[in-house]
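If you read the sequences in order, they're chains C and H.
Numbers in our numbering are just positions in the first sequence, counted from 1, shifted up by 4.
Numbers in our numbering are just positions in the second sequence, counted from 1, shifted up by 4.
Heads up, the beta-carbon is just placed ideally off N, CA and C, and yes, glycines get one too.
Report on the structure given below.
There are 2 protein chains.
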Amino acid sequence: MARVVVNVALKPEILDPQGRAVQGALSRLGLSGVMDVRQGKQFIIDIDGELEGDRADLLEKLAGELLSNPVIEDFTLTVEN
Amino acid sequence: MARVVVNVALKPEILDPQGRAVQGALSRLGLSGVMDVRQGKQFIIDIDGELEGDRADLLEKLAGELLSNPVIEDFTLTVEN
Chain C
5 MARVVVNVAL KPEILDPQGR AVQGALSRLG LSGVMDVRQG KQFIIDIDGE LEGDRADLLE
65 KLAGELLSNP VIEDFTLTVE N
Chain H
5 MARVVVNVAL KPEILDPQGR AVQGALSRLG LSGVMDVRQG KQFIIDIDGE LEGDRADLLE
65 KLAGELLSNP VIEDFTLTVE N
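Here it is in structure tokens:
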């Protein structure tokens, strides 16, 4: 079994109001020195067998089109075979 | 500067309808062998200076109370000092 972790985050130049709200809350609750907070999504995908070849290519493509919005988001994909 | 990554995921026994929807979509779009998908949140927190002592303890506490809902979610916290 392969476990694939896809992390999706807003591109650095896109404003992240959720992250900003978390940053404010952390500071108000006493955590000093918080410079930036970004909130993203994480998908943990369990796949039968090894992930390689066409299936790996397809998952990479779908991560960029289905799991993330390429206009405003970047993604990273990590495979643990 | 320290970068803290907090990953928040639903506990395994909690139904994840978003993950289920993604699982269905991946399969429909031609990816075979998808056994399970779980969707979680990721917070990337940049902190001034080193994170240690009281500040590290406070952030760990806030990750469990503010960033995640301890009734239905687990979190992992990774510090890159």
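Check: Quick one: using the 10 Å Cβ neighbour count with 16 as the cut-off for buried, is H/Ala25 buried or exposed?; Outcome: exposed
Check: Step through the CB atoms of chain H and report whether any lies within less than 8 Å of the CB of C/Ile76.; Outcome: no
Check: Can you check DSSP and say which residues form a bridge with H/Asp58?; Outcome: For H/Asp58, which the question treats as bridged, DSSP gives no partner whatsoever.
Check: Which residues in the same chain have their Cβ closer than 7 Å to the Cβ of H/Asn11, if we skip the five residues on either side of it in sequence?; Outcome: Gly44, Gln46, Phe79, Thr80
Check: To which residues of the same chain is C/Pro74 closer than 8 Å at the C-beta, ignoring the five residues directly before and after it?; Outcome: Gly68
Check: Of all the residues that make up the segment 47-64 of chain C, which are near chain H by a beta-carbon distance shorter than 7 Å?; Outcome: Phe47, Ile48, Ile49, Asp50, Ile51, Asp52, Gly53, Arg59, Leu62, Leu63
Check: Counting only C-beta atoms, is C/Val83 closer than 8 Å to chain H at any point?; Outcome: no
Check: Kindly indicate the opening and closing residues of the alpha helix (DSSP H) around C/Val89.; Outcome: Only positions 5 to 85 of chain C appear in this structure, which leaves residue 89 of chain C out of reach.
Check: Looking only at DSSP bridge pairs, what is C/Ala13 linked to?; Outcome: C/Asp78
Check: Under 9 Å Cβ-Cβ, which residues of chain H neighbour C/Ala13?; Outcome: Gln46, Ile48
Check: What's the gap between the Cα of C/Gly53 and the Cα of C/Leu33?; Outcome: 45 Å
Check: Just to make sure I have the definition right: I need the residues of chain C whose C-beta is within less than 7 Å of the C-beta of H/Ala29. Which are they?; Outcome: Leu70
Check: Just to confirm the assignment, what range does the beta strand (DSSP E) spanning H/Met39 have?; Outcome: 38-51
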